[in-house]
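Below: the structure, in structure tokens.
Chains as they are written, first to last, in the numbering used here: chain A, 1 to 275; chain B, 276 to 550.
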């Protein structure tokens, strides 16, 4: 009976998600958390066609429709934004009509060179890092909102996958921390700009220190000895966050809408740190 | 007697300041607040030689040494940073020796297009604005710190002229707010990176809504009607901050060192809002 109810509700609304950085550790986990119901379209965005196909294959057993945007390179923000929105336009146009909700999950991003303090950055490094981690983010935010607001979508959500570093500074995270702070603040402004438009919400979500490649890279490269030891201990003691856990939490939060638009939510606001 | 004491102290330390955006309303006020004592070298940084010469002429009656770096264009971050540091290197090399304090005041910056919401930004606009207002800032921070730490300077300070927008979001300020948040966070990371090096401090200073051209532009262009009316009222009622007042406050604060490194200080933390 509850199955029948949720099935009826599911038919009533089509959910269209785009997930950038879909081939990374967290991106895969987010796709895994989203895939399932037949009322969902999930657009996987990344650079490598083969890696995206692998992620799509992993979600093929679900009832959700999986789409791919390959060749999306954050070093080319305008083209990448255009490619994502173009695919979303096609997906929305092919829907049978009825209620639609659009969600953009901006998970793409790179670590800055954690071996370096700010005074060791090169000018080209600053420029290219900022392009990939902020300009591409802002460009896709702009083009997604422009597109989405032109549709009949009843709910439009931009999710910024951010970090504790956006709100707390640590040594050796200069460019990463600065660009995450910029992303968070852009989300707050978008929220203010839609204070009178309940369709549009933004969320900045800090997924925590994740098990996987990215944390291994942090442990291997971070120049600050205190942090290196801290992360090594968390790794040894199994205190890193499981990607599937944090992905489930953010997807549930977005689906429920139970957050203040523009806010920064940390995984440890939603669950206790691993014992 | 106190004159004699302060004169001895003054001879003991050479103060070298570089001020970017030196030809703008606040830049001129900062130069005015700094110029005076004979132990000060002030490097005025900007694009226009003639505008810089005009500012220099205004400070010529002081006992401070005034230097100019013209042609510094934040749209070319590497060249601009190089030009500033090259001049500072010359100024420091020409000092007679003894104690030196180096201060970089990063006041250069532009308003973003306040008529636009985030979804109206163009990709090129996002890229070029970010270059001028964050990449150039970070590049100069990096090169200045690298240079300064290689000298015998006993105190090295980076001042980020920021805004309330770095910490509070308002509609139509997307790119401005995001890049100011990024600048603030970079300053916090630099502070963390020098937690064990008391020579180096950073300060993010929000000068307030200033009388002058920039506020006139805000009132003329901001898309949000509530803010337009609010700023017009502040203007009518004489409640905008006088550039000379806020410039004096930040210069005194930097000189005294009476702030926590990495912190964001607002003009209204230091004085009551105009009656």
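Every residue gets a Cβ at the ideal spot worked out from N, C-alpha and C, and that includes glycine.
- Counting the other CB atoms within 10 Å of its CB gives residue 338/B a total below 16, which places it among the exposed residues.
- DSSP lists 14/A as the beta-bridge partner residues of residue 100/A.
- Residues of chain A with a Cβ closer than 9 Å to the Cβ of residue 543/B do not exist; the shortest Cβ-Cβ separation is about 20 Å.
- Counting along the chain, no alpha helix (DSSP H) covers residue 163/A, and no H or E run does either.
- Spatial neighbours of residue 38/A in its own chain (CB-CB distance under 6 Å, excluding positions within 5 residues in sequence) are listed in chain order as 63.
- At least 8 Å separates the beta-carbon of residue 426/B from that of residue 182/A.
- DSSP lists 104/A, 202/A as the bridge partner or partners of residue 158/A.
- Looking at the DSSP output, residue 255/A sits in no beta bridge, so it has no partner there.
- In the DSSP assignment, residue 342/B falls within the beta strand (DSSP E) that extends over 340-344.
- Secondary structure note for residue 461/B: its alpha helix (DSSP H) is the uninterrupted segment 449-468.
- Cβ-Cβ separation between residue 386/B and residue 492/B: approximately 6 Å, consistent with a contact (criterion under 8 Å).
- Along the stretch 479-501 of chain B, there is no position whose C-beta sits under 7 Å from a C-beta of chain A.
- For residue 245/A, the three-state secondary structure derived from DSSP is helix.
- Listed in chain order, the alpha helix (DSSP H) elements of length 4 or more contained wholly in the stretch 300-372 of chain B are 300-309, 324-333, 352-368.
- Only 172, 173, 174, 175, 177, 178, 179, 180, 181, 182, 183, 184, 185, 186, 188, 189, 190, 191, 192, 193, 195 from the stretch 172-197 of chain A bring a Cβ to less than 8 Å from some Cβ of chain B.
- By the rule that beta-carbons nearer than 8 Å mark a contact, residue 288/B does not touch chain A.
- If you draw a straight line from the Cα of residue 56/A to the Cα of residue 257/A, it is about 26 Å long.
- Secondary structure note for residue 115/A: it is in no alpha helix (DSSP H), with a DSSP letter that is neither H nor E.
- Less than 8 Å divides the Cβ of residue 105/A from the Cβ of residue 30/A.
- 8 Å or more divides the Cβ of residue 241/A from the Cβ of residue 203/A.
- Against chain A, the beta carbon of residue 393/B has neighbours under 7 Å at 141, 142, 145, 186, 189, 190, 193, listed in chain order.
- Taking the Cα positions, residue 136/A is about 11 Å away from residue 405/B.
- Ranked by Cα distance from residue 143/A, the first of 79/A, 172/A, 128/A is 79/A.
- Chain B places no beta carbon closer than 8 Å to that of residue 162/A, leaving this residue out of the contacts.
- Counting only the Cα atoms, residue 184/A lies some 23 Å from residue 117/A.
- Classified as buried, residue 249/A has 16 or more neighbouring CB atoms from the shown chains inside 10 Å of its CB.
- The C-beta of residue 156/A comes no closer than 8 Å to any C-beta of chain B.
- At a cut-off of 8 Å between beta-carbon atoms, residue 353/B makes contact with chain A.
- When DSSP reads this structure, residue 538/B sits in a beta bridge with 478/B.
- Here residue 246/A has 207, 208, 267 as same chain residues with Cβ atoms under 6 Å from its own Cβ, once five neighbours each way along the sequence are excluded.
- From the beta-carbon of residue 401/B, the residues of chain A found nearer than 8 Å are 77, 135, 138, 139, 142.
- Listed as beta-bridge partners of residue 20/A by DSSP are 45/A.
- Note that the stretch 14-26 of chain A touches the stretch 42-61 of chain A; at least 3 beta-carbon pairs, one per stretch, sit closer than 8 Å.
- Per DSSP, residue 240/A lies in no alpha helix (DSSP H) segment and is marked neither H nor E.
- Residue 210/A is bridged by DSSP to 241/A.
- Between residue 350/B and residue 327/B, the CB-CB gap reaches or exceeds 8 Å.
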